[in-house]
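Notes follow once the structure below has been shown.
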Ligand code: GLU
């Protein structure tokens, strides 16, 4: 199959909750496909469910997309509800052309039809009783139904699933316009995609069954058929659809947890698409390589361990100064104090030691907080345990040793302290651990002589004094 010349993809989330991570993945695929082909990626907000759609959810979509770096090409985002009259117009056009018809069935009638079908073991579908009637009542409410073909078959050519065919006898005449003149979802989606010039629809395969009905509308209208690629849904570790129960969250939550957008993009991409055995794929490479052929046809499982390791990789790759700037707002939140430029510079110096250990920005900020805390530092239980009378006596001696140093490099501090410990018949740990407790308030920290060097002599002496 030849791809259309100018690819136009879209992402049409419903603003009824947070921006689900699974939706973000289909958005990423659509975005990558458009970018790969030099095409267009459009955003549409499907806000026709007036009860459940909220402005907060619309904002979460915009913010989530921006954070993920998925820029859309339509300056004026399409809001589906605002286009309802245009959708209705198409239904009336179809009526006029004889592609649709008015159905005057009451709720009670429909219920009776269903009950009868149920009782007789018949498939439950509208029986087409108004399809060919011309004796239309005046002033009674009606719905507009598609005059769907009753014989033959409808085939969906899907780039992931292949060709799937359904007998038209299995599909009933769906409602296009409700009796209150509001279009149904099925109609709105098709009209919007057509009007927006969308020619490639990449979406979750929970929409696959809808596609047959949408194809029927498109065919009836004689519109160009888009290409479809239905992406298997993400599953949780137990093989069930990834949901809140598995810790499936909105995009914003992943940002808060301290995942980097480039790591998220890489992880989401690999969760459902492959390029050989490549695990780390930059966004530039992804744009270069992305295709529909390598969408994985079975559901992938969301794996936090994997996500952590991808994130840790991107954190290690990031420039120290950038990481320091990234965690500054988090540190401010933890300590309640603004982080100064001097502190950011200090954090950047400490980053080599800090970033080896952290899997995400949250952990990184937590492990870096001691650098920026106001004195005296709170001591954790481990630090308190270390700071025995003997340890404090050692620290008092180290104070003099440190005070005497002219060269305050990590190496110089280490040598001086080692020499002192040896001269006292002690082990290195007897000196290093109390120093760690005093400088970091904890029993774990990055290499402590490096920490001391970064903090600077005055701060080191002051922090030692604080615990004595
Ligand atoms: N609004 C639908 C959703 O959020 C998407 C429909 C589509 O992709 O066609 O699931």
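In the working numbering, the protein residues as written are 1 to 468.
Ideal placement from N, C-alpha and C gives every residue a C-beta, glycine not left out.
Buried or exposed by the 16-neighbour rule on C-beta atoms within 10 Å, applied to residue 297: exposed
Compare the beta carbon distance of residue 251 and residue 10 with 7 angstroms and say whether it is the shorter of the two. At a Cβ-Cβ threshold of 7 angstroms, residue 251 and residue 10 do not count as neighbours.
Would residue 210 pass as an interface residue toward chain C - the criterion being a Cβ-Cβ separation below 7 angstroms? The structure shown contains no chain C, having only a single protein chain.
Just checking residue 87 against ligand 1 - is the residue's beta carbon closer than 6 angstroms to any of the ligand's heavy atoms? no
Of the choices 458, 44, 319 and 389, whose alpha-carbon is the least far from that of residue 430? 389
Start and end residues, alpha helix (DSSP H) containing residue 353: Segment 341-355, the alpha helix (DSSP H) holding residue 353.
Considering residue 153, what are the terminal residues of the beta strand (DSSP E) in which it resides? 153-158
I think residue 70 touches residue 19, with their Cβ atoms under 8 angstroms apart; what is that distance to the nearest whole Å? With a Cβ gap of about 10 angstroms, residue 70 and residue 19 do not count as contacting.
Can residue 190 be considered in contact with ligand 1, in the sense that its beta carbon sits closer than 6 angstroms to one or more heavy atoms? no
Quick check on residue 363: buried or exposed, where buried means 16 or more other Cβ atoms within 10 Å of its Cβ? buried
May I have the straight-line CA-CA distance separating residue 158 from residue 343, to the nearest angstrom? 54 angstroms
Evaluate contact between the region 274-285 and the region 89-101, counting only Cβ atoms and requiring at least three cross-stretch pairs below 8 angstroms. Too few Cβ pairs lie closer than 8 angstroms, so no.
Exposed unless 16 or more other CB atoms sit within 10 angstroms - verdict on residue 428: The residue is exposed, with fewer than 16 neighbouring Cβ atoms inside 10 Å.
Beta-carbon contacts of residue 164 that lie in its chain and below 6 angstroms, excluding the five residues immediately before and after: 156
Label residue 305 either buried or exposed according to how many other C-beta atoms from any shown protein chain fall within 10 Å of its C-beta, with 16 as the threshold for buried. exposed
Sequence-distant residues of its chain with Cβ nearer than 7 angstroms to residue 331 (five each side left out): Excluding sequence neighbours, residue 331 sits near 339, 365, 368, 369 and 372.
Same chain, Cβ closer than 8 angstroms to residue 151, neighbours up to 5 away in sequence not counted: 168 and 169
Distance CB(residue 129)-CB(residue 101) smaller than 7 angstroms: With respect to residue 101, residue 129 sits apart: the two C-beta atoms are not nearer than 7 angstroms.
Of all the options 244, 321 and 292, which has the alpha carbon lying nearest to the alpha carbon of residue 203? 292
Indicate, with yes or no, if ligand 1 has a heavy atom lying under 6 angstroms from the CB of residue 255. No; taking the cut-off as 6 angstroms, the Cβ of residue 255 has no heavy atom of ligand 1 nearer than that.
Endpoints, the alpha helix (DSSP H) within which residue 104 is located: Unbroken run through residue 104: none, as it is neither H nor E.
Nonlocal neighbours in the same chain, by C-beta distance under 6 angstroms from residue 432, ignoring five residues either side: So the qualifying residues of the chain are 448.
With distances taken Cα to Cα, identify the nearest neighbour of residue 446 among 247, 355 and 360. 355
Own chain partners of residue 12 with C-beta closer than 6 angstroms, once the 5 adjacent residues on each side are dropped: Once the five neighbours on either side are set aside, the close Cβ partners of residue 12 are 44 and 46.
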